[in-house]
Amino acid sequence: MPARRFATVAAATALAAGPAALAGAGTAHATGDQGHASAVVLRTGLDVSLLNKTVNVPLAVALNEVQAPQSAQQTALTAKLDGVDGGQPFTVLAAEVADAKATVTDGKAEASTNLAHAKLHVPGLPLLSLVEIEGVTSKATCEAGKTPTASSNLVGAVTVLGKKVTVTAGGPTDVKVPGVGEVRLDLSKSATTSRTAAATALELKVSVNPLKLNVAEVEGTLTLAKATCEAPAAPAKLSEKPAGDVEPQGGPVKEAGLAETGGSSLTPYLAGGAVALLVAGGGAVLVARRRG
C-alpha cells in the first residue's frame, strides 16, 4: 500500500506540474521609448546690427520653453534682452497670456501653447510693434498605436508694423512698410509622421532697417506658439505559435498505447502519468502475490 500511494502521488504531481510549466513558458514584457513632448511660446533667431554693422548682436530668446518626459509648464509673460538698447533692458515680447505645457503619460505625449494679447518688439523700433496678435494656439498629440495630430489656430486680428493684415494658411503674407522694413508671415504650419507631430501657429521672417539709417538693422526669424511630440513606442505583441504546429514530445500516440484523440502539449504528461500508474499497479500486484 505505501508503494502504491507513493507512485500515485508522484503521477498526480507530474500531471499537475505539466500545465503549470506550460503556462509559465514564453511570458515576456516589452518596454519601449517613453515618448517626448516640447512647447515654446516664442523663439527668436535674429541678428541685430548696430551703428552701420560695426556691432553685431545675436538676438536669441526663448520664452516658456518646456520639454517632457518630465511634465512641465511655464507661464512667464515677458521676454527681455540686455545690451541692445543703449545698455537698457529691452522687452522683446509682452503678453497677457503666455502658456506652454508638455506632458508624457503612459502611452501618450502631448504639448500645447497659448499666447494672447501679445506685442512683439525689435531694437530700432521702440514705439512701433513688429507684430501684435490677439491670440494663437498650437497643439500636438502623439499616442502609441494611433496617428499623431497637430493643429494651430489664430484668433482675431494681426497687426504688422502698424498695419492690420489678413493672414491665411494658403501661403505666406508679405507686409512692406516704406522706410521701416518688411515682414513675411507663415500661418499654421504643421507636419506629422507615423510617430511624430509638430505645429507652429505663426512664423515670421523679418527684415527691418528704419529709414535706412543703419542705426539698428534686424534680420532673421521668429517663431510663435510651437508644439511638438513623439509617441511612446507601442508595446510589443508576443507571437504565439499556432496550435496546429505543436508536436507531442516523445513517441507517436499509437506507440504509447493511447487512443487517437489528437496530439497536444499535455500528451507527454498524460503518457508519463499513465506509465507511473501502471508501474505502481504492477508493483502492488507483485507484493500481493508474494504475501499470498
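In this note's numbering, the protein residues as written are 24 to 315. Even glycine gets a Cβ: it sits at the ideal position worked out from N, Cα and C. Quantities reported herein were computed from a predicted structural model and do not represent experimental measurements.
Pro201 is classed as exposed because its beta carbon has fewer than 16 other beta carbons within 10 Å across all chains shown. Lys199 sits exposed, since fewer than 16 C-beta atoms from the chains shown fall within 10 Å of its C-beta.
Leu148 and Thr172 have their alpha carbons spaced roughly 38 Å apart.
CA-to-CA, the gap between Thr223 and Thr216 works out to about 16 Å. Less than 7 Å divides the Cβ of Ala91 from the Cβ of Ala125. Gly168 sits exposed, since fewer than 16 C-beta atoms from the chains shown fall within 10 Å of its C-beta. With 16 or more other Cβ atoms inside 10 Å of its own Cβ, Ala250 counts as buried. The beta carbon of Ala257 lies closer than 6 Å to those of Ala167 and Gly168 in the same chain, with the five residues before and after it left out. Burial check for Ser230: the Cβ neighbour count within 10 Å stays below 16, so the residue is exposed.
Secondary structure within the stretch 207-236: the beta strand (DSSP E) runs of 3 or more consecutive residues, fully enclosed, are 219-231 (chain order). Secondary-structure assignment with DSSP links Gln90 through a beta bridge to Ser61.
DSSP, reduced to helix, strand and coil, places Leu148 outside both helices and strands of the structure shown, so it counts as coil. Rounded to whole angstroms, Cys252 and Lys212 show a C-alpha spacing of 15 Å. When secondary structure is reduced to three states using DSSP, Ala192 falls in the coil class, being assigned neither helix nor strand. In the DSSP assignment, Ala173 falls within the unbroken beta strand (DSSP E) covering Thr172 to Val183.
Counting along the chain, Thr136 sits inside the beta strand (DSSP E) bounded by residues Lys131 to Leu143.
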